[in-house]
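Counting with my numbering, you get residues 1480 to 2069 for the letters of the sequence shown. Virtual Cβ for every residue (Gly too), placed ideally from N, Cα, C.
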Amino acid sequence: MQERDYSKLHRGLVLKYFWQVARRFKWPFFNVIILTIANSALDVFIPFQYLKLWNVLSANNFTAVSEAKSIILFVLFLNFSRWLMRRSGSFSLAYFQANTMAGLREQAFSYLIGHSHSFFANNFSGSLTQRISKYARAFEKITDRIMADGLPLLVRGLGTVIAIYTLFPKYSYIFAIFCFVFLLTAAIYIRYKLKYDVIAAEADSRTTGALADSIGNHASIQLFTGHQHENKLVGEVIQDQKRKIVFNWYLWEGLQAIQSFYSLIVEFVIFWFVIGDWKLGLITLPVIVLLQNYLIRLFDNLYSFGAIVRAYYESFADAEEMAVILDTPYEITDKPKQMIENVKGEVVFENVTYVYENNNSKVLENFSLKIPVGQKIALVGSSGAGKTTFVRLLMRLFNLNSGRILIDGVNISDIPLANLREKIAFVPQDPVLFHRTLLENIRYGRRTASNEEVLEAARLAHCDQFIDSLPFRYETYVGERGIKLSGGERQRVAIARAILKNAPILILDEATSSLDSHSEALIQDALRTLMKGKTTIVIAHRLSTIREMDRIIVLKKGKIIEEGTHEELTNKADGLYKKLWDLQAGGFVK
Ligand code: DUT
Ligand code: MG
């Protein structure tokens, strides 16, 4: 978890994105505010009626009964209005919060998912998921505190001071000073305490992390009998968290202690004065009862202030993590200049240089390559040579550092992203699937495809062999990331998607590496059909699968070191390709 700095919260940023969604529901929002204010004002006004009632009853004359009755009828009316406002306010708040939270989740997801490949490489998906829900919850937390405590505190605090002023100014000054000191102390104290909140929150995420790491490695723990060892490691983290939490809770208790001490003193001071004023006949019994009534109610409200300040900081800090992402422009800008239609499939790399952010070494440097329309090329080379990077650049998952890439003579950075990617079918090295049905997963290749077309693609990719043996066949859910399928089965699903997509440029990154030789031979057949008339880039370590390619390109550290057909390259006396081929074919180097 990142170190939080509460003094530098981007409040404006958070409010800007909250408002973007909340303004769609501004009527329920204003409704809640007005009802809450009116309701809190009545809370202050009603005890006044009781004061009148005591006065009437203590006067003890003939008209007292009817007057008293009309007062309590009026109180009934006020209480009924309060009930009505409170209830409809709650409904409005529920409507407003639920709608805005849903809107915030949609807003956050919709923007976040458009970020670039590198963004996701640099941020854990688990923590991003958490940020979206924390963002929406922060909104709920802050609006809850404002409507339930903040606004009522403001109105009742002010209302009480004004009400008492009309009766007896001296006491209103005492009340006002008391409120001010009470709130100031709480605000300062909580600000000081925030850094311990951060420490406690960090300890909490450390515990979560340690638990997740150990549970995720359950297989290793069992294989290496690490149970006791893990108990000790995880136990230490839990104990450390305990120490931090206890200290934090003690701090909270400290604030409560100071506040209740204030209350005790102010109550004493007020009634000390009251006795004096009563002796002088300046204050009547009903007013004394009223004062005490106000005092008790105000204590309740004031105690909630600590929770408001805390919720305020926490909510803004939680929401800020997401607001910053919303404010980060996309790395890959989509400025549609030129659509490509009827793509023939000529691919040209011109002096392309690319460096990964986290890695200083250049993966591709001054790399040039021309693939004529319909040519089938193979990229080979040792692990880390830059093969996957090459195809990612062609799909514009990253921006180049220099150089350019052209498809049919059009620079790919001028082509709208959706248009570019619609023209390329890609089977990745390690396909990841949605936790949805097989049918939906395959259909992702072309979401408008009919069931028959999906089944046909599945048959061509030899998916039907394993799908038919599953209990729910095409309706089977594949588990998170496709974990319930074997590596080879996932590859076949990815190939079926590519077949369904049927785009003019086809890229296969180790597409059949996890298949057994028999399935691979069958799928090669299907792929051969698929490649017909398409520009194809095949990446493979198993060289037997690329023998028939028009051109084989051997990469080493991002540079082309050999190229030619299989025959040409195997005839080159001391070429790298020949060495690899001999290794794979004969099992040893002569
Ligand atoms: N690399 C990064 N960051 C990334 C991905 C890769 O720094 O997000 C580095 C690692 C590697 C180089 O880029 O040294 C090339 O990686 P690539 O995935 O292009 O290699 P490959 O040729 O596809 O290797 P393999 O055969 O193992 O798939
Ligand atoms: Mg690769």
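So is the beta-carbon of threonine 1686 under 7 angstroms away from any non-hydrogen atom of the ligand MG?
The answer is no for threonine 1686.
Just jot down, in chain order, the residues whose CB lies closer than 7 angstroms to any heavy atom of the ligand MG.
Here the list is Lys1866, Thr1867, Gln1908, Asp1988, Glu1989, Ile2018.
Euclidean distance between Cα positions of leucine 1494 and threonine 1807
Looking at the two C-alpha atoms, the distance is approximately 16 angstroms.
Collapsed DSSP secondary structure at glutamate 1681 in the structure displayed:
The three-state secondary structure of glutamate 1681, taken from DSSP, is helix.
Presumed contact (8 angstroms Cβ cut-off) between threonine 2015 and leucine 1985, rounded CB distance:
Rounded, the Cβ-Cβ distance is 5 angstroms, consistent with contact.
Closer than 7 angstroms to a non-hydrogen atom of the ligand DUT - does that hold for the CB of serine 1862?
If you check the C-beta of serine 1862 against the ligand DUT, you find a heavy atom less than 7 angstroms away.
Backbone CA spacing between serine 1794 and aspartate 1988 [nearest angstrom]:
Cα-Cα distance, rounded: 44 angstroms.
What are the start and end residues of each continuous alpha helix (DSSP H) run of 4 or more residues lying completely inside the region 1787-1862, in chain order?
The qualifying runs do not exist here; there are none.
Assuming isoleucine 1551 and tyrosine 1791 are in contact, meaning their beta carbons sit under 8 angstroms apart, how far apart are those beta carbons, in whole angstroms?
So it is not a contact: roughly 40 angstroms between Cβ atoms.
Beta-carbon proximity list for glutamine 2003, same chain, < 8 angstroms, skipping 5 on both sides
The beta carbon of glutamine 2003 sits closer than 8 angstroms to the beta carbons of Thr1991, Thr2024 from its chain, once the five residues preceding and following it are set aside; these are given in chain order.
Would the region 1525-1532 count as touching the region 1760-1780 if we require 3 or more Cβ pairs under 8 angstroms?
Look at the beta carbons and you see the region 1525-1532 touching the region 1760-1780: at least three pairs across the two are nearer than 8 angstroms.
Quick check on this structure: which residue in Leu1781, Leu1690, Ile1962, Val1803 has the alpha carbon closest to the alpha carbon of phenylalanine 1657?
Nearest to phenylalanine 1657 by C-alpha distance, out of Leu1781, Leu1690, Ile1962, Val1803, is Leu1781.
Just to confirm, are glutamate 1810 and serine 1595 a CB contact at a threshold of 8 angstroms?
A contact, by the Cβ cut-off of 8 angstroms.
For the ligand DUT, I want to know if alanine 1600 counts as a neighbour, meaning its beta carbon is within less than 7 angstroms of at least one of the ligand's heavy atoms.
The nearest non-hydrogen atom of the ligand DUT is less than 7 angstroms from the C-beta of alanine 1600.
For arginine 1969, count neighbouring Cβ atoms within 10 angstroms of its own Cβ and tell me buried if that reaches 16, exposed if not.
Of the residues assessed, arginine 1969 falls on the buried side of the cut-off, its CB having 16 or more other CB atoms within 10 angstroms.
For threonine 1515, which residues of its own chain have a beta-carbon under 7 angstroms away from its beta-carbon, when the five flanking residues on both sides are left out?
Excluding the 5 residues flanking it on each side, threonine 1515 has same chain C-beta neighbours closer than 7 angstroms at Gly1568, Met1626, Leu1630, Pro1631, in chain order.
For asparagine 1898, I'd like the list of residues in its chain whose CB is within less than 7 angstroms of its CB, leaving aside the five on either flank, ordered along the chain.
Met1818, Ile1819, listed in sequence order.
Using the Cα positions of leucine 1633 and arginine 1922, report the straight-line distance between them to the nearest angstrom.
Cα to Cα, leucine 1633 sits roughly 57 angstroms from arginine 1922.
In the DSSP assignment, find the beta strand (DSSP E) that holds phenylalanine 1905 and state where it starts and stops.
Here the beta strand (DSSP E) through phenylalanine 1905 covers 1903-1906.
Given the structure, does valine 1842 come close to the ligand DUT, in the sense that its CB is under 7 angstroms from one of the ligand's heavy atoms?
Result yes, Cβ under 7 angstroms from the ligand DUT.
Within a Cβ cutoff of 8 angstroms, which residues of the same chain sit near proline 1910, ignoring the five residues on either side of it in sequence?
The answer, listed in chain order, is Gly1961, Arg1969, Gln1970, Val1972, Ala1973.
Start-to-end residues for the alpha helix (DSSP H) that takes in glycine 1638
Counting along the chain, the alpha helix (DSSP H) containing glycine 1638 begins and ends at 1630-1646.
Output needed for alanine 1679: all residues of its chain with C-beta closer than 6 angstroms, excluding positions within five of it in sequence on either side, in chain order.
Excluding residues up to 5 positions away in sequence, Lys1723, Ile1724, Asn1727 lie with their Cβ nearer than 6 angstroms to the Cβ of alanine 1679 in the same chain.
To the nearest angstrom, how far is the alpha carbon of threonine 1832 from that of asparagine 1710?
Threonine 1832 and asparagine 1710 have their C-alpha atoms some 49 angstroms from each other.
Can you tell me where the beta strand (DSSP E) with glutamate 2042 in it begins and where it stops?
Glutamate 2042 -> beta strand (DSSP E) spans 2038-2043.
Once DSSP output is grouped into helix, strand and coil, what is the label at arginine 1670?
For arginine 1670, the three-state secondary structure derived from DSSP is helix.
Report whether the distance from the Cβ of tyrosine 1835 to the nearest heavy atom of the ligand DUT is below 7 angstroms.
Within 7 angstroms of the C-beta of tyrosine 1835 there is at least one heavy atom belonging to the ligand DUT.
How many Å lie between proline 1907 and threonine 1868 at the Cα?
If you take the alpha carbons of proline 1907 and threonine 1868, they lie about 12 angstroms apart.
Cβ of lysine 2035 less than 8 angstroms from any chain E Cβ?
This model lacks chain E altogether, as it is built from one protein chain only.
Pick helix, strand or coil for serine 1881, following the three-state DSSP scheme.
Strand at serine 1881.
By alpha-carbon positions, which one of Gln1586, Ala1975, Leu1563, Arg1776 ends up nearest to glutamine 1499?
Here the closest residue by C-alpha is Gln1586.
So, using beta-carbon positions, are alanine 1857 and valine 1677 closer together than 8 angstroms?
Cβ distance not < 8 angstroms, so alanine 1857 and valine 1677 don't count as in contact.
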